[in-house]
Amino acid sequence: MAFTYFFRDLHTLELGVKNMAPLVAGRSNVKIWDAGCAMGQEPYTLAILFAENMGRFAFKNLQIYATDIDESNLFEKIIINGVYPEKELKRIPKDLFEKYFKPNGKAGQYQINHLIKNRVRYQSHDLLTLEPIGENFSMIVCKNVLLHLKYEERIKVIKMFHNSLTPGGFFITEQTQRLPKEAAHLFTRVTSDAQLFRKV
Ligand SMILES: C[S@@+](CC[C@H](N)C(=O)[O-])C[C@H]1O[C@@H](n2cnc3c(N)ncnc32)[C@H](O)[C@@H]1O
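To convert, note that position 34 of the sequence shown is 276 in my numbering; the numbers rise steadily by one, no gaps.
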């Protein structure tokens, strides 16, 4: 199973959400791509952060497309169900946990709120096909995935992301990842303390 958890690198995700939310508040059909989403912890974290930083109406105009190569073929079911064991939910701040999760009737299992669940749509996708799942994304999040790729593959995948973003769209990657010099000119860095970029 892929290593991940709810509210992982909250600092970066929250910065991205807080920067993007005001810019898309009046728009319909706002698209986000979470590439390498594992079992849904990251896209659901993003959805909770957007729900907390946007009005209810604006939030309903947002769709998070969560994709993964998922060699186990289990992620889709987990994400559609939106049910996670209590021990996986410990890092979620108490107020948000109580607001967005309810016991689902089975011991130690919690179901994510349907308003959050409805904003996340999963599909299986291999980044190395270099075929994007769509275009005009306002944000692409790809964290703790690029490090597994070869340097040349990483450049191609980042260029694919760049082509799939709207002008000024946000790109978020993991803290340990620097943009390869061949792709760095395609983005400006939003802040020095997070791997948060905008399409030039
Ligand atoms: C360490 S997990 C990261 C999960 C989440 N993004 C996070 O940061 O917590 C890496 C994920 O990347 C996925 N992955 C690896 N290679 C991929 C590829 N070529 N295309 C799409 N997903 C891939 C794995 O299946 C795994 O779920």
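Cβ coordinates follow ideal geometry from the N, Cα and C atoms, glycine included. Bear in mind the structure is a predicted one, so any value in this text is a computation, not a measurement.
At least one heavy atom of ligand 1 falls within 8 Å of the beta-carbon of K385. Nearest to H427 by C-alpha distance, out of T415, K441 and Q305, is K441. By alpha-carbon distance to T408, the top candidate from R250, V266, A244 and H253 is V266. Here D368 has I311 as same chain residues with Cβ atoms under 6 Å from its own Cβ, once five neighbours each way along the sequence are excluded. Under DSSP, K441 takes part in a beta bridge, and its partners are F429. When the Cα atoms are used, K341 and N323 turn out to be separated by approximately 18 Å. Remark: C-beta atoms of Q283 and F248 approach each other more closely than 9 Å. DSSP, reduced to helix, strand and coil, places V387 outside both helices and strands of the structure shown, so it counts as coil. Residue state for L372 is assigned as coil, using DSSP reduced to three classes.
Per the Cβ contact rule, the stretch 291-298 is not in contact with the stretch 324-334 (fewer than 3 Cβ pairs under 8 Å). For Q283, no beta strand (DSSP E) encloses it; the enclosing alpha helix (DSSP H) starts and ends at Q283 to N295.
Where D310 is concerned, the enclosing beta strand (DSSP E) starts and stops at L304 to D310. If you draw a straight line from the Cα of I358 to the Cα of F379, it is about 19 Å long. In summary, G258 is buried, with 16 or more beta-carbon neighbours lying within 10 Å of its beta-carbon over all protein chains present. The nearest non-hydrogen atom of ligand 1 is 8 Å or more from the C-beta of R431.
Taking the Cβ of Q437 as the reference point, every heavy atom of ligand 1 lies at 8 Å or farther away. Taking every protein chain shown into account, the CB of T433 has fewer than 16 other CB atoms within 10 angstroms, so this residue is exposed.
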